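Numbered by mature numbering (1 follows the signal peptide of the UniProt record, and there is no 0), the letters in the sequence shown go through residues -21 to -1, 1 to 528 in order.
Just so you know, even glycine gets a beta-carbon here, dropped at the ideal spot from N, CA and C.
No experiment lies behind these values; they were computed from the predicted model shown.
Here the structure comes first, spelled out in structure tokens, and everything after it is commentary.
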Amino acid sequence: MPSTLGKHRACLFFFFEIVFGEFSVDKAQKAGKRTSVVPPKRRGPVLRVNDDNDDWRRIVRNFTPSYFSVTMGTGIVSNTLPYNAQWLYWISVVIFAINVLLFITGCIISFLRYTLYPEIFGAMIVHPVDELKPDSTAKLNGAYHTNSGGTPCQREKPPRNRTTADELPIEDQALKINMTQVLETFRRMAARRAKFQGRANAPNLGGGISFTSLGLVVLDEIRFPSQEPLLDILGGSGAYATLGARLFLRPPLSHTLGWMIHTGNDFPELMLDRLESWDATLVVEREADKPSTRGLLEYEDTTFGPKHFTYTTPLLPVHDNNLKHTPLLTAQAYHYLETPQGMQTRLSTLLSLRKEAGALDHPLIIWEPAPYACKPENLQPCLAAAQHVDVLSPNHLELAALFGEYPAKAHDKATIEALAQRMLDSGVGQDGKGTVVVRAGENGSVVVSRDLPPTWLPPFYTTGADGRQHFKVVDPTGAGNAFLGAYTVGYLRTGSAVEAACYGTVGGSFALEQVGMPELVSGGDGELWNGVDVFERLAEYREAVGLGA
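Below, the structure written as structure tokens:
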């Protein structure tokens, strides 16, 4: 019978076998198991298993890293549990102290392990992660599918050559996998950065904020005769103008799109999540004791024709003072929907804030006159305010209303040209170098500047010979705002008002195709809005109007 000391030595040896994961190749050879190590296909350090079997280094070499990690974790957990007795608490403190000691000891042994046996660490670094899966787990990684008869079958996998990495203990393999994932993350980040480097260096779109709309964000309720109302539909000039710009600012350029929204205590979280998914620089100002800006849009029929809109809650506008201490204060371009009187005040405030922040350059200002302020008595204030903006853009109905023309004349292209020219002649922009862009519905848009005679661009969706709208046109709400957001990005990119109007036309077309916002789907190679690549549509439109693909 073995002596008591022999029993104790056997138990102690078994303990080290369990704790440190020791299983020598020598014993495996005696048991008749395969122990050959196939040289790796890739050049790298070769791991020699279980040399120096008879000294203390066997413990260091075969130490299991996960052991002290697990014990440390259990010690932390035990110390954070609630206790109803003080003595239980002190027991947990003792356990925690023991785990700390084990952790420190484990760290020292692990350090010695990778110092004395750098080939272990080298094998984990050099060999790919797919070659680290042990044979015992290969079956678990087999993919299963169903054949045409519905019978499950296993997909056959080609035999894989073993490498020295296959001989690593499972804990080293797990560590290798984690390290490989971290390195792979950085590799993909670098590849993504390189992929978008060309777009990031697009003309006039630097690393700062390129565009910010200071219009409203409104939650609309839309009603049709004899139908259930549509609730919480995102709308407002700010939302649609931001949409137009975002269409042409794919990530990472989407970060140059600034968006400040002023919400109440009832703004839906799901809506906020959707806005964040646009990957813009979003600044949210939330009122805890006020409702969000809401509106009621009622259509007289189901053709999206005659309609009536009213605000149902007090407005929560975006104030220029709120741009302080945000990156939006130094944006390259701003979009406003404002009255003539309010426009001059807001511009003065904006430029003063920018000067205080050290932004001395003059931003591009796009002004959309508020529809309710477009009446003859506001014509002179409008012309006065236009001298301080770079782009003045009423639609054809608002333009006619400002000059007191009959609504019927608003659809006449010659009348639109003449009124736009009168606006331009009165002075638009600094030194009269600004541009008038009239959004004219079914007639498209017309661009007029000092160096550009009236230039018409057709709409993307044209009306049929029978007078019917294109079948993809669902709701025109917000299309004009989206036009201006896209126009601004196009102008910053190209410096051409005509090219910018092409961007605007295409941007507005996406707002026409549904009630509310179009659907964004991001794929591996780009983005699709309503299933369409925006730049492909732009190329199609440019070719159609004779500007080339």
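Limits of the unbroken alpha helix (DSSP H) element including residue i
| i | result |
| --- | --- |
| Y466 | A458 to T473 |
| E396 | K392 to D404 |
| G223 | S216 to L226 |
| M239 | Not the alpha helix (DSSP H): M239 falls in the beta strand (DSSP E), residues L236 to T242. |
| D252 | E248 to E255 |
| F439 | First-last for F439: undefined, no H or E at that position. |
| P360 | L358 to A365 |
| F489 | A476 to L491 |
8 Å Cβ cutoff met for residue i and residue j
| i | j | result |
| --- | --- | --- |
| R333 | Y278 | no |
| G217 | L195 | yes |
| D369 | G321 | no |
| L471 | S189 | yes |
| C276 | K286 | The residue asked about is misnamed: residue 276 is Leu in this sequence, not Cys. Their beta carbons are under 8 Å apart, which means L276 touches K286 by this criterion. |
| T328 | N301 | no |
| H367 | L326 | yes |
| G423 | T484 | yes |
| S428 | L398 | no |
| L376 | C361 | no |
| V417 | P373 | yes |
| W257 | R225 | yes |
| L517 | C481 | yes |
| A363 | A379 | no |
| D308 | A336 | Per the sequence shown, residue 308 should be read as Leu rather than Asp. Yes, the Cβ-Cβ distance between L308 and A336 is below 8 Å. |
| P247 | D211 | yes |
| P433 | V524 | no |
Range of the contiguous beta strand (DSSP E) that encloses residue i
| i | result |
| --- | --- |
| G274 | R273 to Y278 |
| Y290 | K286 to Y290 |
| T318 | First-last for T318: undefined, no H or E at that position. |
| P231 | Looking at the DSSP string, P231 is not in any beta strand (DSSP E), and its letter there is neither H nor E. |
| T414 | T414 to R418 |
| V426 | S424 to S428 |
| L499 | L499 to S501 |
Per-residue burial, residue i [other beta carbons within 10 Å of its own, 16 or more giving buried]
| i | result |
| --- | --- |
| G411 | exposed |
| Y68 | exposed |
| W508 | buried |
| A419 | buried |
| V415 | buried |
| F90 | exposed |
| T324 | exposed |
| D245 | exposed |
| A267 | exposed |
| D199 | buried |
| P182 | Here the model assigns P182 a pLDDT of 42, short of 50, so the residue's position is not dependable, and the following value carries that caveat. So P182 ends up on the exposed side. |
| Q311 | buried |
| T242 | buried |
| I395 | buried |
| G85 | buried |
| R171 | Note on R171: pLDDT 43, under 50, position unreliable in the model; the coordinate value appears next. Exposed, because fewer than 16 other Cβ atoms sit within 10 Å of the Cβ of R171. |
| I(-4) | No answer about I(-4) holds up, because its pLDDT of 39 lies below 50 and its placement is not dependable. |
| C132 | Only weak support exists for where C132 lies, its pLDDT of 39 falling under 50; the coordinates are left without a value. |
| V513 | buried |
| V197 | buried |
| R253 | exposed |
| P355 | exposed |
| E515 | exposed |
| G510 | exposed |
Supposed contact pair residue j and residue i - C-beta distance, whole angstroms, cut 8 Å
| i | j | result |
| --- | --- | --- |
| P348 | P319 | 7 Å |
| G406 | Y219 | Actually they are not in contact, since the Cβ atoms of G406 and Y219 sit about 29 Å apart, beyond 8 Å. |
| R265 | T292 | With 8 Å as the limit, R265 and T292 do not qualify as a contact, their Cβ atoms being about 15 Å apart. |
| V477 | V425 | About 11 Å; that fails the 8 Å criterion. |
| V494 | V452 | No, V494 and V452 are not in contact; Cβ-Cβ is about 12 Å, not under 8 Å. |
| G464 | G486 | 6 Å |
| T260 | P208 | With 8 Å as the limit, T260 and P208 do not qualify as a contact, their Cβ atoms being about 33 Å apart. |
| G469 | F227 | 7 Å |
| A490 | A461 | 4 Å |
Residues of its chain near residue i, where Cβ-Cβ distance is below 8 Å and the 5 sequence neighbours each way are ignored
| i | result |
| --- | --- |
| H449 | Y440, T441, T442 and G443 |
| K392 | A419, N422, V425 and W435 |
| F288 | G274, L275, L276 and E277 |
7 Å Cβ shell around residue i - same chain, five flanking residues per side excluded
| i | result |
| --- | --- |
| A173 | Its pLDDT being 41, under 50, A173 is placed unreliably in this model, and the value from its coordinates should be taken loosely. Once the five neighbours on either side are set aside, A173 has no close Cβ partner at all. |
| M496 | L213 and L222 |
Same chain, Cβ closer than 6 Å to residue i, five either side skipped, listed in chain order
| i | result |
| --- | --- |
| I345 | H314, V370, L463 and T467 |
| L251 | none |
| S192 | G217, A220, T221 and H314 |
beta-carbon residue i near the ligand SAH non-hydrogen atom, thresh 7 Å
| i | result |
| --- | --- |
| T305 | Only the bare structure without any ligand can be found here, which leaves the ligand SAH out of the picture. |
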